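Sequential numbering of the sequence shown, starting at 1, is according to the UniProt record's numbering. Single-structure report; data block below.
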Amino acid sequence: MIKILVVDDEPQIARALRINLSAHGYEVATAPDGAQALRAAAALMPDLVVLDLGLPDMDGSEVIAGLRGWTSVPILVLSGRAASAEKIAALDAGADDYVTKPFDIGELLARVRAATRRGNAASDSPVTEIGSATVDLASREVLRDGEEVRLTKTEWQLLEVLLRNPGKLVSQRELLHRVWGPNYDRETNYLRQYMAQLRRKLEADPARPVHLLTEPGMGYRFRP
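Right under this line is the structure:
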């Protein structure tokens with residue numbers, strides 16, 4: 001059974017999440033603050049952490065940093081902080097996804113499924129399907145409908161970051177740093193240009209992508 005640790009100091013929300021997640025077959029533990037969350041994570045080894053940022057003893061970003069010091073467990077932030085800067089900071093700190101309160105339980109469950117799939121996926125596998133295209137990261141080959149598709153070096157680098165993190169929202173800053181280098185923070189036009197090129201080469205309908213997705217103002221996501 002997939003284990004989820006819910007970290008939230010609001011008893012009503014923690015209870016509602018425990019009931020809904022348990023009803024969908026997850027094993028759920030809860031923690032009301034950051035210190036207990038870190039201890040519970042070490043003891044339980046959850047498959048997913050659902051984390052509020054506004055905790056009574058420390059900021060949620062400190063919990064993210066504490067977890068990322070020893071584990072790559074998917075972290076889904078569930079917070080009332082709606083500003084883009086807050087979302088980007090959490091993603092840059094190591095969170096995998098971000099949902100704003102108040103939230104729709106159906107959407108949250110979909111995000112949970114995506115995050116746990118990512119956590120359980122064999123992300124080291126070099127072969128990924130994107131619609132009718134087959135991408136082999138090891139050999140750097142793409143076949144689409146039996147025909148070879150040629151990608152540039154930069155397209156490969158950008159695509160690999162996304163494919164190695166299926167379902168995860170990867171921030172603009174992280175993509176810029178990993179593909180172009182640490183001195184690139186604001187060149188989001190690079191991302192728009194190269195993502196458009198990748199969609200033209202890999203998506204069935206580049207104008208309506210279903211695999212290489214944009215999260216406006218935040219980043220990009222590969223949806224398997």
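All residues carry an ideal CB built from backbone N, CA and C; glycine is no exception. Here the structure is a predicted model, which is why all the values come from computation and not from measurement.
Query raised in the report: Leaving out the 5 sequence neighbours to the left and right, which residues in its chain are closer than 7 Å to I105 when beta-carbon positions are compared?
Result: N20
Query raised in the report: When burial is assigned at 16 or more other CB atoms within 10 Å of the CB, is H211 buried or exposed?
Result: buried
Query raised in the report: If F103 and L163 are in contact, beta carbons under 8 Å, what's the gap, nearest whole angstrom?
Result: With 8 Å as the limit, F103 and L163 do not qualify as a contact, their Cβ atoms being about 28 Å apart.
**Report entry** Selected residue, minimal CA-CA separation from Q145, among W156, E155, L137, S132
**Finding:** First, the residue type needs correcting, since residue 145 is Asp and not Gln in the sequence shown. The option with the nearest alpha carbon to D145 is S132.
**Report entry** Inter-residue spacing [alpha-carbon to alpha-carbon] between V160 and Q36
**Finding:** Residue identity check: residue 160 is Glu in the sequence provided, not Val. Taking C-alpha positions only, E160 is separated from Q36 by approximately 36 Å.
Query raised in the report: Buried or exposed: D97, going by 16 or more other Cβ atoms within 10 Å of its Cβ?
Result: buried
Query raised in the report: Taking V28 as the reference, which of P11, A42, V49, Q12 has the closest Cα?
Result: Of the candidates P11, A42, V49, Q12, the one whose C-alpha sits nearest the C-alpha of V28 is V49.
**Report entry** Cβ-Cβ distance between A14 and P74 below 7 Å
**Finding:** no
Requested in this report: Closer than 7 Å by C-beta to A23: which residues in its own chain qualify, once you throw out the five before and the five after it? Chain order, please.
Outcome: none
Requested in this report: Return the CA-CA distance between I2 and L51, expressed in angstroms with no decimal places.
Outcome: 17 Å
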